[in-house]
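Chemist: Sharing a structure, written as structure tokens. Questions coming.
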Amino acid sequence: MKNVLSFIILLFGILAFSSSVFAQRGFEDYGTEEGIRIQYSWGREKITKAEGNAALSLRLTNTHDYPVRVVLDVSFYRDHLELFESRGNVYCLEAGQSLRGALAGMRFVAEGVSLSDVREEWFSWEVAEITVEEISGCK
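The numbering of the sequence shown is my numbering, which starts it at 10 and goes up by one.
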């Protein structure tokens, strides 16, 4: 009986730990451009490393009632000088659909910039360019 109780406690502990590790981090609003709601979240490039590069994850939501092709550029800056730019990122979103994070190709790593650095005054980022085109559907 004691072993069963220990096993149950251990199982609940593992479940609680894994759900906190893999929980969806909250996204903050960046704004809406051409009917596309843009949200973002900062995290570490590698969750297993306490120090390392910061990674920006985006979430795009199509607020149109038709499918769209979205092309966007993301830029990181240090004291208003460009550190990094990712150009021509293409996404297809059905009406009302949201895409987010690394699996959707919406994760951008700030090489040489730590998670604490993104809160500094000298660091900034932006969706530098966005174009939205109505299409017949996503493939």
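Glycine residues also receive a C-beta, built at the ideal position from the N, C-alpha and C atoms.
1. Go through its chain and collect everything with a Cβ distance to Val127's Cβ below 6 Å, but skip five positions before and after it.
2. For Ile4, does the count of other Cβ atoms within 10 angstroms reach 16, so buried, or fall short, so exposed?
3. Using a Cβ-Cβ cutoff of less than 6 Å, which residues in the same chain neighbour Ala137 once the five nearest sequence positions on both sides are dropped?
4. Can you list, in chain order, the residues of its chain with a C-beta nearer than 6 Å to that of Phe93? Leave out the 5 residues immediately preceding and following it.
5. Under the rule that 16 or more other beta-carbon atoms within 10 Å means buried, what is Ser145, buried or exposed?
6. Taking the Cβ atom as the reference point for each residue, do Phe132 and Val141 lie within a distance shorter than 8 Å?
7. Could you tell me which of Gly35, Leu124, Gly40 and Glu143 sits nearest to Tyr100, measuring between CA atoms?
Modeler: According to the data block:
1. Trp51 and Ala63
2. Absent from the model: residue 4. The displayed extent of the chain is 10 to 148, so no value can be given.
3. Asp82 and Ser84
4. Phe85
5. exposed
6. no
7. Glu143
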